[in-house]
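Numbering (the numbering used here), first residue to last: 7 to 169.
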């Protein structure tokens, strides 16, 4: 992403130089800095983590050289950008790690709780239903068997036997 951004910036610079857009050369350095910072802020989230600060600083120096910005301004830009990049990288890493840890912890706990509750309820319901049905069937079979055997025994005892 950063390499593509550098290529895009070089293309834009060459395009502007080729067609002699001189109004940029007349703009104050403050405006150029604000533009550059705003432009980079939009795109830096992806490439700050991937590239060293030195590469970014070289890019800024080359960019500022094209606009003939004074040494002091270049020094301040380089110094401030190094501080900004360091701060942003530390902030982003801390923020992302903290956010991801909290989010994932909450998310995983929620999923685990839902899974365990669903699993335990399903398991208990299945187990209890199967167990109760099995007990009921055994009881009914034993009761009916015993009842029918006794009933048959009584019927047989009451029926006179003829030879």
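Backbone N, C-alpha and C fix where the C-beta goes; we use that ideal spot for every residue, glycine too.
- It is roughly 10 Å from the alpha-carbon of residue 120 to the alpha-carbon of residue 127.
- Just so you know, the alpha carbons of residue 143 and residue 135 end up roughly 12 Å apart.
- Residue 168 carries a coil assignment under DSSP once its states are collapsed to helix, strand and coil.
- When the Cα atoms are used, residue 140 and residue 107 turn out to be separated by approximately 47 Å.
- In summary, residue 87 is buried, with 16 or more beta-carbon neighbours lying within 10 Å of its beta-carbon over all protein chains present.
- CA-to-CA, the gap between residue 98 and residue 131 works out to about 48 Å.
- Our two residues, residue 103 and residue 133, have alpha carbons roughly 43 Å apart in a direct line.
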